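Notes for the one structure printed next.
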Amino acid sequence: MSASLPLPGAAAATPATSSPVAQAPINPAPPSVLQVETGTPAPASPGLATAAPATSGLGTSGSATPAPATPGLAMLATLGLIAAISGLLVATAYEYTAPIIAEKERLATEAAVLRILPGAVAKRDFLIDAEGRLTPVDPAAAGGAGASAAGGGLVYAGYDAQGQLQGLAFTGVGTGYAGPVEVLFAYDPQRQLIVRSKVLKSTETPGFGDKLDTDPVFLKNLEALDARLDATGQALANPIVTVKNGTKTQPWQIDAITGATLSSRAMGKAANQAAQRAAPAIQRSLGLLTQPSP
Amino acid sequence: MAEASQPAAGAKTAADPFNRQETLTADTFLRGLWEENPVFVMLLGMCPVLAVTNSAINALGMGLATTFVLLGSGALVSLLRHWIPKQVRIASYIVIIATFVTVVDYAIHAISLELYASLGAFIQLIVVNCIILGRAEAYASNQRLLPTLVNGLGMGLGFTLALFSLGAVREILGNGTLFGMQLFGDSFQPWLVMILPPGGFFVLGAWLLLFAWLKQRRERRLLAAAGAAAHG
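Heads up: the sequence lines are chains A and B, in that order.
Quick note: the first sequence uses my numbering, first residue 179, plus one each step.
Quick note: the second sequence uses my numbering, first residue -18, plus one each step.
As structure tokens, then:
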């Protein structure tokens, strides 16, 4: 700002120096150069003004080339160039793939939700808001599975062709033997039961941990898992827990798989976490859910 | 391409491959597949070899992703080889490799969610695969573009082949399937340990044994032939 102020004055005093004035904003010259410029005759000044940045630019690289110690400028320039190329490539790849990925994840979530809610042909997505109620969201805007994968808490409602509510689905995450296990649960709002489950993401040991999704005896646990709310309607009356194999006595308990206790516990934790979060909101907003979809 | 501009000394490659520009031959490509196979001969990049070869499709996906990164990073390193100061070359190579790994990560995510989920963090870990940095440092950094691409393709396909030969064996034995297709009847009891990490070591060991045996047999034959020739 302050450097540019004297320039119009200099230009007005010597109209012949129009070219250095035009260059000056691009290569901000130190004030001393400007003083010399105005002091010397007009024809000499363009040479000075152009020479000053040129020598300063060449000076560093020129002095560094003979000494092979650290070609600082060359290193900076190369790394800068490589960073620019990389940035460009990554940004291009991201721009190109992001919509495809979002669409695929949305379809995958939709397929999983419709598979877990038999009879449903359409789904609507809801978000649990700050007051613990459900608000409808546009699946495309919400980022589809992206939100659910992050445990962001979407609740999916499945409807049949007549627009009748067929059931609800939500995800839960529990830590297992090898990492988080993400499970999609189907929930029956009338009976307040978890009625089905499907493991979405798991790194459990193949052959043991994947029984969570295949072992028919274990899956019986999740066909009528009690998720009743307590008197206040804020939480489950009985938290869902996983118990040792063969000791299940209550409908809110999950009988663990022998040899996969930690994975079974992950299922229990996921079910409890998901139901604690979603069931109160669903019960509160049942009116909104049961009205036929628009 | 520019063979004419090539110094005549470039013809002999095997003598000093690190300081001389290589003339493009079939060997440039084939070396990576067999003679210098990154897995079976050089024993490089063992982490993905053992970790993601529990099924044929995972092995193939990982191998092709690595090949893409090898080609892309090799091309860029080769093109920029005169401008990269040697003090910052490792940093430059890592940034270049990381770029192509990120691109391939997005690409696999867009192509198949299942493959992306089953390969998991191992796609990102291609960055630290020593085959790729090794190729950039030992080959791409002093060779022209075309030989770099051909050599990179050979190495990448050699890696893919090695991964596939592990993945296929492990999937058949451990799961009774190949590319998800059932191979045996219901009576087949999967050999579960094969798709668990120990299985990777077993199968790799078996392949290495086979390769060592083949090599030894060939050397013995050559010796015998030489001996026969000497005795006339």
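Ideal Cβ positions, reconstructed from N, Cα and C, are used throughout, including at glycine.
As the structure is a computational prediction, the values presented were derived from the model and not from experiment.
In the three-state DSSP reduction, Gln428(A) falls in the coil class, being neither helix nor strand.
For Gln451(A), the secondary structure class from DSSP, reduced to helix, strand or coil, is helix.
For Val359(A), there is no enclosing alpha helix (DSSP H); the enclosing beta strand (DSSP E) has its first and last residue at Pro358 to Asp366. Spanning the alpha carbons of Leu371(A) and Asn156(B) requires a straight line of approximately 35 Å.
For Arg125(B), there is no enclosing alpha helix (DSSP H), as DSSP marks it with neither H nor E. Ala262(A) does not reach chain B, its nearest Cβ partner there being about 11 Å away, counting only Cβ pairs nearer than 8 Å. With 16 or more neighbouring CB atoms inside 10 Å of its own CB, Asp86(B) falls in the buried class. Taking a cut-off of 8 Å for Cβ pairs, the region 153 to 173 of chain B and the region 48 to 59 of chain B do not touch, as fewer than three such pairs fall below it.
The residues Gly135, Met136 and Gly139, in chain order, have a CB closer than 6 Å to that of Gly13(B) in the same chain once the five nearest residues on each side in sequence are set aside.
Using a C-beta cut-off of 8 Å, the region 68 to 76 of chain B makes no contact with the region 88 to 100 of chain B, since fewer than three inter-stretch Cβ pairs fall below that distance.
Between Asn39(B) and Gly180(B) a beta carbon distance of about 13 Å is seen, past the 8 Å cut, so the two are scored as non-contacting.
Listed in chain order, the positions of the region 62 to 90 of chain B with a beta carbon within less than 8 Å of a beta carbon of chain A are Trp64, Ile65, Pro66, Gln68, Val69, Ala72, Ser73, Val76, Ile77, Ala79, Thr80, Phe81, Thr83, Val84, Tyr87, Ala88 and His90. Contact check between the region 389 to 396 of chain A and the region 405 to 413 of chain A: fewer than three CB pairs, one atom from each, fall below 8 Å, which does not count as touching.
In this structure, the beta-carbon distance from Met27(B) to Val20(B) falls below 9 Å. Pairing Thr427(A) with Met445(A) gives a Cβ-Cβ distance that is not under 9 Å. Between Asn123(B) and chain A, the shortest Cβ-Cβ separation is not below 9 Å. From the beta-carbon of Pro249(A), the residues of chain B found nearer than 7 Å are Pro66.
With 16 or more neighbouring CB atoms inside 10 Å of its own CB, Phe304(A) falls in the buried class.
Among the residues of chain B, those whose CB is under 7 Å from the CB of Ala286(A) are Leu94, following chain order. Under DSSP, Lys301(A) forms a beta bridge with Gly336(A). By the 16-neighbour rule on beta-carbons within 10 angstroms, Gly55(B) is buried. Under the 9 Å criterion on CB atoms, Ala98(B) is classed as interfacial with respect to chain A.
The continuous beta strand (DSSP E) containing Val315(A) extends over residues Leu312 to Val315. What Gly385(A) touches in chain B, judged by beta-carbon distance under 7 Å, is Leu173, going in chain order. Going by C-alpha positions, Val76(B) is about 7 Å away from Ala261(A).
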